[in-house]
Amino acid sequence: MLEKWQIESKSNNYTTMKLLYTVKEVFSDDGYLQIDQMKGYKIPLYQRSYKWTAREVQKLLTDINTFDPADEKFYCLQNITIVPDNDLKVFNVVDGQQRLTTLTLLLSYLEEKKLVQHKVTFPKNSIRTETNKFINLEIIQNDFDLTLDWDIFIKQNTNYNHQDIYHLFHAYKAINDWFSSQDILKDNFRKKLLGNVKLIINRIESKNDEEEIFSNLNSKKIPLDGADLFRAILITRAAAEETKKDASIKDIIQLNEKRVKIGWEFDTINNWWSKKDVKSYYKPFSGKTDIVSVDQKLFDHDKHPINLLLSLFSESEGKSSLTLEFLESYNNSALVLYKKLQKLHHTLQDWYKDREIYHFLGFLFVNSSIMFKTIWDKWLASETRDEFKEGLKEIIRKEIFNTEIDFEDPSINWYHDEKKLLIKVLILLDVIYSLDKSQPFMNPVYFTKNSNDIEHIFPQNPEKPRDKKEFLEFLNTNILEEKFDLKDFDKKCLSDQYLQEVENFILKQTNDIKTNSIGNLVLLFSSLNKSIGRKPYSLKRLKVINYHNEGSYIQPHTFRVFVRYFNNHNTEVKELQHWTNHDIEANAAAINKKIRRFFNIN
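Residues in the sequence shown are numbered from 745 upward in steps of one, following our numbering.
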């Protein structure tokens, strides 16, 4: 429906109208109503009756009260959709009557009675006639007795015994109850409400499809999202700015064609951002930059994936978050906004298809605190694509390593002292391997540790006594010529002296094995890791290969380590069945060489 929605006056003055209006501007005679010299807002008969509960009203009051309007921020009370009735000089409210009516009650309570008097009305000579009287007479003029309960009030005013008046009555009492229970100044709340609470006004020029639009809006029950507003601005304003002609028939046709084209292009962009892998890949690029309206995030990445593109666009413009204020800043230059958005979208599509850029950025945004604007500025400043790629590699080096690391250094305990860095290095090795054109692009989920464990190929010395027995069985079977006597282990393990003997034996036999070297550590899917436990290398290797051959994902570096990629024809392999210290050192050396080559370190 949005292609029919217009956010400008019928005079085609596309650049003078705003998207957002404060509560004061919505109700004031010299605010939005002044545009067409309108008297107020009429709730058509096809609208449902007022139905907000006391809980909903008080939640709104709490939200507004806790909202901090610092730095020109505002609270967005979602949208209202209106159609001008130039005969009656009112706007028919297609959507949003609950908000407007609640605001009328609230402003009346806060002594803004003149501002709201007869601004929200219901059709005369209808079942809603008494609703008009109740709002404008009992609430705005007379200030009915708030101590009365509904039954007594109805006995005294039988003509008000209607469902919508029942809800209005209790909503007004809920406002009074809320303020009575709060230690706040009404005047401060009133100023915030008038100046820092805004509504989005969606204006439809044609009355012909008014009820159809109402039906569609209410059957879907989907509140307007920031992406919809963005689309509406592009379709209506950008097209008009690009045309900039007089309102001849030919120019109107040209304008409509331009709107259709922009709408189609926007939908095409949206379809691309709706792809699962695209969403998964680009989500880490943007921080959480949503602003909140009533019970809803206005720019929701999950429901409307194109909002991710909009968030990245706002960040590329130096904004810390995607807000309606940012949207409004392009009020008079929607065409510039449209072209910038297209440029960013096409660039991000290009990055997604480029093997090196895809993997470098996928790794960076998951494994560092780099900001998107930093990368975007680097892209704009780079004279060539290769220069940009080399710049990304340098950023990776600085963000991840800070200082040069010798991966062959036996003194580094990667598992206990450098676990976070270890994970990043292992993932980076997957990235480097995936740069080979014969390999598939990495799935975005594998730029993180995800559901993987850190696997010791040669098992580490366990902490629990029961686990030490299993470890000794492993050593007796696969490693040691001098066996440890496990007879009566279960009884003896209760003795501290015996456990110390066990510990001394294990340390003596494994002291030379660099268990926590990076050459002995890989990432392995959690369930697979648990299934292989402390099995000997030959069985682990077979399990990993079978898992891979069955079509399951094994990290590229992990798979290559298990098949001993670091060996070549000149390497003497003494142990085919067991993983030895020789393998650990050879793998660490291969990692060191690969990382240094990647960063062009001599």
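Even for Gly, the Cβ is constructed at its ideal location relative to N, Cα and C.
Find out if the Cβ-Cβ distance for the pair residue i, residue j is shorter than 8 Å.
i, j, result
"GLU874", "TYR904", "yes"
"LEU1179", "ILE1262", "no"
"VAL767", "ALA918", "no"
"LEU943", "VAL770", "yes"
"TYR1177", "PRO1300", "yes"
"ASP908", "SER793", "yes"
"VAL1110", "PHE1191", "yes"
"LEU1079", "PHE1057", "no"
"SER1275", "ASN1196", "no"
"VAL864", "ILE884", "no"
"TYR1159", "ILE1198", "yes"
"LYS1168", "ILE1144", "yes"
"ILE826", "ILE945", "yes"
"LEU1136", "PHE1116", "no"
"SER1055", "LEU1066", "yes"
"LEU854", "ARG934", "yes"
"ASP1240", "ASN1325", "no"
"ILE1328", "ASN1248", "no"
"HIS1089", "LEU1053", "yes"
Start and end of the beta strand (DSSP E) containing residue i?
i, result
"ILE944", "941 to 947"
"GLN822", "819 to 829"
"VAL767", "Premise fails: VAL767 lies in the alpha helix (DSSP H), 767 to 771, not in any beta strand (DSSP E)."
"VAL1189", "No beta strand (DSSP E) holds VAL1189; DSSP gives it neither H nor E."
"PHE835", "834 to 839"
"LEU1265", "1265 to 1269"
Once you ignore the five residues that flank residue i on each side, which residues in its own chain have a CB closer than 8 Å to its CB?
i, result
"ASN1157", "ASN1260"
"VAL1305", "ILE1201, VAL1266 and ASN1331"
"LYS1287", "LEU1272, SER1275, ILE1276 and LYS1279"
Tell me whether residue i sits in a helix, a strand or coil according to DSSP, three-state version.
i, result
"PRO1028", "helix"
"PHE923", "helix"
"HIS1326", "helix"
"LYS786", "strand"
"ASN1290", "helix"
"ASN1344", "coil"
"THR1259", "coil"
"THR865", "strand"
"LEU1200", "Note on residue identity: the sequence assigns His, not Leu, to residue 1200. Strand."
"VAL860", "helix"
"LEU764", "strand"
"THR1118", "helix"
"VAL1038", "Per-residue confidence for VAL1038 stands at a pLDDT of 38, beneath the threshold of 50, marking its modelled position as unreliable; no derived number is given."
"ASN905", "coil"
"GLN778", "helix"
"ARG934", "helix"
"THR891", "coil"
"PHE1109", "helix"
In chain order, what residues of the same chain have a beta carbon less than 7 Å from the beta carbon of residue i, not counting five sequence neighbours either side?
i, result
"GLU882", "PHE888"
"ILE1139", "LEU1108 and ILE1114"
"THR845", "TYR794 and VAL864"
"ASP774", "none"
"PRO813", "LYS936 and ASN940"
Could you round the C-beta distance between residue i and residue j to whole angstroms and report it? I think they count as a contact, below 8 Å.
i, j, result
"PHE1029", "ARG1099", "Rounded, the Cβ-Cβ distance is 18 Å, inconsistent with contact."
"ASN836", "LYS786", "5 Å"
"LEU1068", "LEU764", "6 Å"
"THR848", "ILE871", "Not confirmed; about 19 Å, so no contact."
"ASN940", "TYR1026", "Not really, about 33 Å apart at Cβ, beyond 8 Å."
"LYS899", "ILE808", "So it is not a contact: roughly 35 Å between Cβ atoms."
"ILE1050", "ILE1013", "6 Å"
"LEU1359", "PRO867", "Any property of residue 1359 remains undetermined from this structure, which presents the chain solely from 745 to 1346."
For the alpha helix (DSSP H) containing residue i, name the first residue and the last one.
i, result
"ILE1144", "1129 to 1144"
"LEU1092", "1078 to 1097"
"PHE897", "894 to 900"
"GLN802", "798 to 810"
"LYS1168", "1163 to 1178"
"ARG1304", "1300 to 1306"
"ILE1050", "1050 to 1060"
"LYS877", "873 to 877"
Can you name, in chain order, every residue of its own chain whose Cβ lies under 6 Å from the Cβ of residue i, other than the five neighbours on each side?
i, result
"PHE1310", "ALA1330, ASN1331 and ALA1334"
"TRP1016", "none"
"LYS857", "ILE884"
"ARG1141", "PHE1343"
"LYS1063", "PHE1070"
Against chain C, with Cβ distances strictly below 8 Å, would residue i count as a contact?
i, result
"LEU1179", "Annotation note: the requested chain C is absent from the structure, which comprises a single protein chain."
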